[in-house]
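Data first, discussion second: the structure below is written as structure tokens.
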Amino acid sequence: MTGAATIPAATAPLIDPFGRGIEYLRVSVTDRCDFRCVYCMSEHMTFLPKKDLLSLEELDRMCSAFVRRGVRKLRITGGEPLVRKNIIWLFEQLGRHLQSGALEELTLTTNGSQLAKYARDLKAAGVERINVSIDTLDPGKFKTITRWGELDVVLRGLDAAQDAGLKIKINAVALKDVNEHEIEDLLRFAHGRGADLTLIETMPLGEIEEDRTGQYLPLSVVRARLMDRFTLEESTHRTGGPARYVTVKETGGRLGFITPMTHNFCESCNRVRLTCTGTLYMCLGRDDAADLRKALRASADDGALDLAISEAISRKPKGHDFVIDRPSQQPAVARHMSVTGG
Ligand code: SAM
Ligand code: SF4
């Protein structure tokens, strides 16, 4: 193992011990959400005390420190990022890095519930492309999956986003027996609106009420089924994330697969994740983390923070270790996706 690397200088670009350049930061700005998706949260969640959260000003400082070190892509996520009070202010601040050319892309993953309200502001701040999570087009099933969500509100949000000129990618988690026979409908819906569709395998993150082995549907199965109906042509398209794409010949649209369970994509991982309390996770599937909040609050200048970031990146592991197996009911990682940020 080559993991015992020396810590790079506190101003150098971020290169991990395996030579991977870190160019992508995902930031969870809140662990709260107005939905309770069955694979993501339990119905009765205990959220973090508000005092533990980074302020919006601190989030701006954190993100800016990463941009200074070569991060080219920022994704704001959660929880539901758009339920955080004054969140548009953060987008507006971060927009300055787009204007300077330091940042290539500022983007967002959302459940869509607040898009009707914020789509124009997001576009004005410099956001060009967003991911909206929609697992089903059946209103009853949507309620079952999200527990608290309303499909028509999300669809109105989607319209508002497209009217505002935002490019859309729809994310759907493939769930056995729940939406597995609707994937074709989702594909036609997304591509019919000029949006990409990305399918995601469920990952064992955090305690939920249900048995995850019952939810898990390998995307290799979904892909094989789609191939009976569609011509899937390999695509070299990349968005900087873990999805691998095909073009669907019949619709002309793009279909992505995120397969942490059936295909390990760690070798090209260029990402790290920051939680709303300032903890940096160097890998979604591992517990090792760095407390950047302490470094940030240690002084008004960024010296200690820069050092802490270098030290954290020197500990980025080679890969994750997800397994969903029947005998063990324990999640691979105890924290929920809404904490680390999807
Ligand atoms: N609330 C926003 C949303 O739903 O898009 C952003 C945060 S959410 C945690 C980000 C993405 O993670 C969503 O597409 C969601 O479906 C996905 N997700 C949540 N829990 C997951 C899990 N255990 N396995 C796989 N994907 C998950
Ligand atoms: Fe909320 Fe997104 Fe998790 Fe659903 S997946 S509960 S919308 S954070």
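Mind the numbering: the sequence shown is residues 14 to 355 in this note's numbering, read in order. By construction, the Cβ of each residue, glycine as well, lies at the ideal position given by its N, Cα and C atoms.
Alpha carbons only, please: which of the options is nearest the one belonging to residue i?
i	options	result
A187	R169, L121, I271	I271
L171	E247, A208, L297, I213	A208
I181	D165, P152, M216, V145	V145
G227	V235, R236, P217	P217
R45	R328, M58, Y52, R33	M58
L66	C296, L212, D304, V234	D304
R88	R299, C76, A237	C76
L268	D300, V167, P231, T211	T211
L72	A129, R97, L61, E197	R97
C282	A25, G32, P26	G32
A185	D176, R160, L232, V140	L232
E193	E214, L164, C296	E214
T90	V42, E197, T244, F155	V42
T244	E70, L200, R49	L200
E56	W161, A129, V166	W161
E70	K331, E105, H333	E105
E195	G125, K154, R206, A313	K154
G265	Y294, G253, F202	F202
A177	V140, R74, R299	V140
R206	A173, L95, R299	A173
Exposed or buried, residue i, counting other C-beta atoms within 10 Å across all chains shown (16 or more means buried)?
i	result
H204	buried
G16	Residue placement at G16 is poorly supported in this model, since its pLDDT is 45, which falls under 50; the coordinates still yield a value, given next. The residue in question, G16, is exposed, as its Cβ has fewer than 16 Cβ neighbours within 10 Å.
H250	exposed
T149	buried
A51	Reading the sequence as shown, one finds Val at residue 51 and not Ala. Buried, because 16 or more other Cβ atoms sit within 10 Å of the Cβ of V51.
L27	buried
M14	Annotation note: pLDDT 43 at M14 (below 50); position unreliable, no value reported.
D315	buried
D29	buried
R242	exposed
Report back the beta-carbon spacing between residue i and residue j to the nearest angstrom; my notes put them in contact at under 8 Å.
i	j	result
S323	A115	About 19 Å separates the two Cβ atoms, so there is no contact after all.
R306	T290	6 Å
A138	G92	Contact flag wrong, Cβ pair sits at about 19 Å.
I101	T123	Not quite, the Cβ-Cβ distance comes to about 13 Å (not below 8 Å), so this is no contact.
I35	I326	6 Å
L179	A237	Not confirmed; about 33 Å, so no contact.
D301	R284	The pair is not a contact, with the Cβ atoms about 15 Å apart (cut-off 8 Å).
Could you please give me the residues that DSSP links to residue i through a beta bridge?
i	result
N99	In the DSSP output, where bridge partners are listed per residue, N99 has none listed.
E247	V259
E56	According to DSSP, E56 bridges with nothing at all.
K86	Y37, E118
S146	N184
G229	In the sequence under discussion, the amino acid at residue 229 is Tyr, which differs from the Gly named in the question. In DSSP, Y229 forms a bridge with L188.
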